[in-house]
Amino acid sequence: MKRSFAAFGITAALLGGSAVLAPAASAASVGDCNTWTSSRAPYTGSAYCSKLAWGDKFRVKLTCVDPRGSQWTVYGPWKRNTETSTAKCSDNPSVGVLRVGVSFSA
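Residues -27 to -1, 1 to 79 (mature numbering (1 follows the signal peptide of the UniProt record, and there is no 0)) make up the sequence shown, in order.
In structure tokens, the structure reads:
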């Protein structure tokens, strides 16, 4: 019984690890992207991508956080090669950007 749980744990860890690495590897091959956040309220995040293939689109993906620790995701508009996508978490100056990333169209 212990062996089957150990084997299941190792298999789950390997599958989980590959699932985590796969999106990062595919995102890196899509293009060259830079992200940044604003330095003052209302806090925004932006993404600029170049070297995208024809027809590829991207948008900025923000993880926002409020003073109570609540988190939510906000997306910017879809953009094409050499354009900038920007999104705002909130007009409330107490709400900030926890993480900024890029989401690609399939």
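We put the beta carbon where it would ideally sit given N, CA and C, even for glycine.
On a predicted model such as this, the values are computed, not experimentally measured, just so you know.
Would you please state the rounded distance, in angstroms, between the beta carbons of residue i and residue j? I believe it to be under 8 Å.
i     : j     : result
Val70 : Cys37 : 6 Å
Lys52 : Phe31 : 6 Å
Ala20 : Val75 : 5 Å
Lys24 : Gly42 : Lys24 to Gly42, Cβ: 37 Å. No contact.
Between the C-alpha atoms of residue i and residue j, what's the straight-line distance to the nearest angstrom?
i       : j     : result
Trp9    : Gly18 : 6 Å
Asn65   : Arg13 : 11 Å
Thr59   : Pro50 : 7 Å
Gly28   : Leu35 : 23 Å
Arg72   : Ala26 : 26 Å
Ala(-1) : Pro40 : Any reading at Ala(-1) needs caution, since the residue's pLDDT is 44, under 50, leaving its predicted position unreliable; the model's value is listed next. Answer to the nearest angstrom: the Cα atoms are 31 Å apart.
Thr57   : Cys6  : 10 Å
Suppose the cutoff is 7 Å on Cβ atoms and the five residues either side in sequence are ignored; what does the same chain contact list for residue i look like?
i     : result
Thr55 : Ser23
Gln44 : Thr36, Cys37, Val38, Leu71
Ser11 : Thr17
According to DSSP, residue i sits in a beta bridge with which residue or residues?
i     : result
Gly74 : Lys34
Among the residues of its own chain, which have a CB less than 6 Å from the CB of residue i, if the five just before and after it don't count?
i     : result
Tyr16 : Cys62, Gly69, Val70
Ser78 : Lys30
Identify, in the order they occur along the chain, each residue of the same chain with its Cβ nearer than 8 Å to the Cβ of residue i, setting aside the five sequence neighbours on each side.
i     : result
Thr46 : Lys34, Leu35, Thr36, Cys37
Gly48 : The identity of residue 48 in the sequence shown is Tyr, whereas the question assumes Gly. Arg32, Val33, Lys34, Leu35, Ala60, Ser76.
For this session: Taking only runs that begin and end inside the segment 7 to 69, name each unbroken beta strand (DSSP E) of 3 or more residues, in chain order.
Result: List check, beta strand (DSSP E) in window: 17 to 23, 31 to 38, 44 to 48, 56 to 61.
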